[in-house]
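Scroll down for the structure; my scribbles are underneath it.
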Amino acid sequence: MTTSELPATSVDQITQRRRGTGLIARDAQRDAGGYTLIAPQTGGGRVWLVDADGAVAHQWQLPVRPGRHAVLLPNGNLGYNGSHADSPARYAAWSMWHGGDFYEVTPGGEVVWRYQDPAHHHDALWLPDGHLLYAACEPVPDAFAARVPGGHGTASPLHADVVREVDRSGRLVWEWRAAEHLDPERFPIHPGFGRVHWPLVNGLGVQADGTVLLSLRTTSGVVGVDRATGAVRLHIGPDVLSHQHAPVPLADGRILVFDNGNFRAGSHVSYSRVVEIEPATGAVVWSYSDPVVQAFYTPFMGNAQRLWNGNTHITESATGRLFEVTPAGEVVWEYVIPWFAEYPDAEARATGPGLLNSVFQTFRYRREQIPWL
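Mapped onto this note's numbering, the consecutive letters of the sequence shown carry residue numbers 5 to 377.
So this is what it looks like as structure tokens:
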């Protein structure tokens with residue numbers, strides 16, 4: 005029996021919706037304002053642009069559900085990371101988090117560019133020159149898989165990450181393979197994760213000098229890759245981070261990271277936080293967590309964005325909760341995604357069951373960045 009087939013009741017059975025949806029709180033004197041772009045995982049391809057008061061300012065309908073997220077491009081168009089309809093299943097959770105069907109769409113809904121790679125999963129970056137940088141994966145030989153420590157189970161084959169960059173014609177212009185550049189012994193899979201995907205690149209960023217930042221989910225940590233050689237020049241490890249997402253380079257060279265907190269060492273409860281890291285030392289120079297730490301937690305997905313007024317926009321993905329905090333950690337805006345639905349396919353529902361309002365990442369934009377609105 006699916007969630008939609010449950011007997012009728014006078015009490016809403018969606019916990020998050022009982023607690024309130026839409027705009028929850030706003031301090032208009034201290035929040036950044038602007039518009040938030042939301043592409044819910046179970047939204048059926050609908051993408052919403054919501055103003056600071058929680059009203060829908062614009063909406064798109066895409067032909068496929070999101071594989072992960074959507075962004076507004078500098079030219080005003082929508083960059084959409086869609087779920088590829090024909091991506092073959094690689095392992096149990098693949099259906100929930102693969103993408104691979106990319107669209108650029110005008111505000112009026114016209115598709116002006118499309119690119120497909122059924123091996124894509126998780127994050128992708130639309131670069132300033134129009135190129136697309138994204139994570140994919142491929143199976144590795146059993147002999148290499150045997151060198152990767154940790155994890156549970158004996159699934160075969162083991163998939164390893166390949167980061168690819170393509171230009172507007174779809175031509176491959178850069179490629180990086182984890183199996184060629186990471187020492188497996190230095191990057192063991194945490195025992196809490198299955199041996200299906202190593203090291204699972206779930207987030208990307210590009211620093212000012214061109215270094216490509218990769219968030220490694222199952223091994224925990226962020227690495228910085230030299231584009232010219234493929235060598236790892238930076239490693240912020242599991243002594244600092246706990247199965248994080250979304251490494252975002254800041255203007256001053258620091259890195260903002262959404263630190264999910266799965267299997268956090270030294271803690272008796274699971275909680276998420278946002279951290280700002282000085283890459284030269286690995287030191288955490290700023291962080292946000294809820295004063296009641298377990299009140300802010302998403303075990304999967306999530307991102308943070310430093311806003312133009314110095315505040316930070318945060319996506320607590322699993323609960324569809326979006327909020328903004330000041331540098332002092334005070335919440336000045338909060339919104340809960342009001343659109344709930346199931347994943348349309350049984351494979352995804354097996355990993356993410358129920359009526360969900362979850363979202364991979366959301367982004368805030370200034371009014372000046374949306375001249376067509």
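Every residue gets a Cβ at the ideal spot worked out from N, C-alpha and C, and that includes glycine.
- Excluding five sequence positions before and after P375, the CB atoms of its chain that fall closer than 8 Å to its own CB belong to G80, given in chain order.
- With distances taken between CA atoms, V229 lies nearest to L186 out of W52, L186, I193.
- Annotated three-state conformation of P188 is helix, per DSSP.
- Listed as beta-bridge partners of P153 by DSSP are no residues whatsoever.
- Setting aside the 5 residues that flank it on each side, V144 is surrounded in the same chain by L162, A164, A183, each with a C-beta closer than 6 Å to its C-beta; the list follows chain order.
- Taking C-alpha positions only, V227 is separated from Y275 by approximately 23 Å.
- Taking the C-beta atoms as reference points, N315 is found nearer than 7 Å to E328.
- In the three-state scheme derived from DSSP, where H, G and I count as helix and E and B as strand, S276 is classed as coil.
- With respect to the 7 Å criterion, G49 and Q63 are not classified as neighbours on the basis of their beta carbons.
- Assignment of R172 by DSSP, reduced to helix, strand and coil, places it in the coil class.
- The shortest C-alpha to C-alpha distance from L360 to any of A43, F148, F197 is the one to A43.
- Annotation: L137 to V15 spans about 45 Å, alpha carbon to alpha carbon.
- Per DSSP, reduced to three states, the secondary structure at E346 is coil, with no helix or strand assignment.
- Linking P188 to G154 through their CA atoms gives a straight-line distance of about 10 Å.
- Secondary structure note for W64: its beta strand (DSSP E) is the uninterrupted segment 60 to 65.
- Between the stretch 31 to 47 and the stretch 330 to 345, the count of Cβ pairs shorter than 8 Å is three or higher; the stretches touch.
- S99: member of the alpha helix (DSSP H) spanning 98 to 101, first to last residue.
- Secondary structure at T215: coil, using DSSP grouped into helix, strand and coil.
- In the DSSP assignment, R22 falls within the unbroken alpha helix (DSSP H) covering 19 to 22.
- Within the same chain, R258, V289 come within 7 Å of E282 by CB-CB distance, once the 5 residues on both sides are set aside.
- A direct Cα-Cα distance of roughly 39 Å separates A250 from T13.
- If you ignore the 5 residues before and after W130, its C-beta comes within less than 7 Å of the C-beta of V75, L77, G83, L136, all in its own chain and listed in chain order.
- Counting along the chain, the unbroken beta strand (DSSP E) around L137 starts and ends at 136 to 143.
- Taken through DSSP and simplified to helix, strand or coil, Q365 comes out as coil.
- Listed as beta-bridge partners of D55 by DSSP are Y39.
- C-alpha of H239 to C-alpha of T158: approximately 28 Å in a straight line.
- Put simply, the backbone Cα of G26 is about 29 Å away from that of E114.
- Assigned with DSSP and collapsed to three states, V200 falls in coil, not helix or strand.
- Leaving aside the five residues that flank W98 on each side, the residues in its chain whose CB is nearer than 8 Å to its CB run, in chain order, S91, H125, E351.
- Straight-line measurement puts the Cα of G47 at about 16 Å from the Cα of I18.
- When DSSP reads this structure, F262 sits in a beta bridge with H249, V278.
- A139 is positioned such that its CB atom lies no closer than 7 Å to that of A123.
- Classified as exposed, H156 has fewer than 16 neighbouring CB atoms from the shown chains inside 10 Å of its CB.
- Within the model, the alpha-carbon separation for G198 versus Q20 is close to 29 Å.
- Among the bridge pairs identified by DSSP, L76 is matched with L82.
- In the DSSP assignment, E320 is bridged to R325.
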